[in-house]
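J.: Next up is a structure, given as structure tokens.
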Ligand code: NDP
């Protein structure tokens, strides 16, 4: 039966990686308050316990390290054996290590790719296995960045990983469309979160903001429209898309 509100997520189960802080924590709240049961996954379990107490709907906490095959496998087991269902995946866990290209160490390069690209691949593959087995389709949302499209100083590894994540999104979308597994990306611009506030208050941070056509940072809540669209049946004919939410940052004139 078609839902009256196509954005309604009741009856759906959503996995959010990196749910212990920042955007992931916010995404979990948004999905939960729109009806989804949530699986909160990250390494800092105590932070997710606090989040869990604030959520409107049922939630599960899983200690997850996306860089570990074993950890992702154990999450898979938990979903298959305890939860049984997976409809939405927010592939959000990510890190950055800003450094000039000439100073990037191989370890730093590998660690950014390991979390932001290989980790996202592992989660997407695990989710695909479950969704194919369950035959109910699903929606996978990869959290990319405007740095997948444009470049910025000190972020060669991050931009490279996010650009690859967008290509992974499109490749998966192409192959999984027939199984009704939709794969899209959300590409935020600069969004104010608990950990970047101090930086954006500095003179350097203000310099970054001055390049955004809307002359301000985005708020976490301003990602909700795109997130709910991609997560819900409202986007039932969308796959392989990248939705940019950035106050016009990528259309800044050259
Ligand atoms: P935060 O640092 O606040 O959050 C990152 C999250 O990722 C944390 O919850 C952390 O949890 C989790 N994480 C990191 N490494 C791992 C790992 N190995 N295994 C599991 N979880 C991990 O950053 P943001 O909220 O700002 O970023 C979230 C996503 O949004 C990232 O992918 C980022 O690239 C993207 N993004 C953010 C923008 C912004 O302006 N804030 C703009 C564009 C994109 P824990 O440490 O507990 O494991």
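Numbering (our numbering), first residue to last: 1 to 254. Idealized CB from N, CA, C, for every residue including glycine. Remember, it's a predicted structure, so these values are computed and weren't measured experimentally.
When you compare only the Cα positions, how much space is there between residue 237 and residue 120?
T.: Within the chain shown, numbered from 1, the residue matching residue 237 stands at position 237. Within the chain shown, numbered from 1, the residue matching residue 120 stands at position 120. Between residue 237 and residue 120, the C-alpha separation is close to 23 Å.
J.: For my contact list, residue 151 and residue 87 are in at a C-beta cut-off of 8 Å; report their separation, rounded to the angstrom.
T.: If you number the chain shown from 1, residue 151 lands on position 151. If you number the chain shown from 1, residue 87 lands on position 87. Actually they are not in contact, since the Cβ atoms of residue 151 and residue 87 sit about 35 Å apart, beyond 8 Å.
J.: Thinking C-beta only, is residue 180 closer than 9 Å to residue 136?
T.: Position 136 of the chain shown, counting from 1, holds the residue named residue 136. Position 180 of the chain shown, counting from 1, holds the residue named residue 180. Cβ atoms of residue 136 and residue 180: closer than 9 Å.
J.: For residue 11, count neighbouring C-beta atoms within 10 Å of its own C-beta (all shown protein chains included) and say buried if the count is 16 or more, exposed if not.
T.: As a working mapping, residue 11 is identified with position 11 in the chain shown. Counting Cβ neighbours within 10 Å, residue 11 comes out exposed, since fewer than 16 surround it.
J.: If you draw a straight line from the C-alpha of residue 98 to the C-alpha of residue 154, how long is it?
T.: Reading the chain shown from its first residue, position 98 is the one you call residue 98. Reading the chain shown from its first residue, position 154 is the one you call residue 154. Distance between the alpha carbons of residue 98 and residue 154: 5 Å.
J.: Less than 9 Å between the C-beta atoms of residue 141 and residue 246, yes or no?
T.: On the chain shown, position 141 is the one that residue 141 refers to. On the chain shown, position 246 is the one that residue 246 refers to. No, the Cβ-Cβ distance between residue 141 and residue 246 is not below 9 Å.
J.: Is the beta carbon of residue 212 less than 9 Å from the beta carbon of residue 249?
T.: Walking along the chain shown from the start, residue 212 turns up at place 212. Walking along the chain shown from the start, residue 249 turns up at place 249. Cβ distance < 9 Å, so residue 212 and residue 249 count as in contact.
J.: Output the distance between the C-alpha atoms of residue 191 and residue 227, rounded to the nearest integer angstrom.
T.: Within the chain shown, numbered from 1, the residue matching residue 191 stands at position 191. Within the chain shown, numbered from 1, the residue matching residue 227 stands at position 227. Rounded to whole angstroms, residue 191 to residue 227 spans 14 Å at the Cα level.
J.: Just to confirm, is the Cβ distance from residue 243 to residue 187 under 9 Å?
T.: Working through the chain shown from its first residue, we reach residue 243 at position 243. Working through the chain shown from its first residue, we reach residue 187 at position 187. Closer than 9 Å, so yes.
J.: Quick check on DSSP: helix, strand or coil for residue 125?
T.: Residue mapping note: residue 125 aligns to position 125 of the chain shown, counting from 1. DSSP places residue 125 in helix when its eight states are reduced to three.
J.: Considering only residues of the same chain and omitting the five flanking positions on each side of residue 161, which have a CB-CB separation below 6 Å?
T.: Mapped onto the chain shown, residue 161 falls at position 161. Taken in chain order, the residues that qualify are 112, 113, 116 and 117.
J.: Which residue or residues does DSSP assign as beta-bridge partners of residue 187?
T.: As a first step, residue 187 is located in the chain shown; it is residue number 187 there, counting from the start. DSSP output for residue 187 lists 244 as bridge partner(s).
J.: Taking 8 Å as the line, does the beta carbon of residue 65 fall inside it for any heavy atom of the ligand NDP?
T.: Translated into positions along the chain shown, residue 65 becomes position 65. Yes, the ligand NDP has a heavy atom inside 8 Å of this Cβ.
J.: Nearest CA to the CA of residue 79: which residue from 69, 61, 93 and 91?
T.: Here the question's residue 79 lines up with position 79 in the chain shown. Of 69, 61, 93 and 91, the residue nearest in Cα terms is 61.
J.: Between which two residues does the alpha helix (DSSP H) carrying residue 23 extend?
T.: As a working mapping, residue 23 is identified with position 23 in the chain shown. Taken as a continuous stretch (DSSP letters only), the alpha helix (DSSP H) holding residue 23 covers 22-33.
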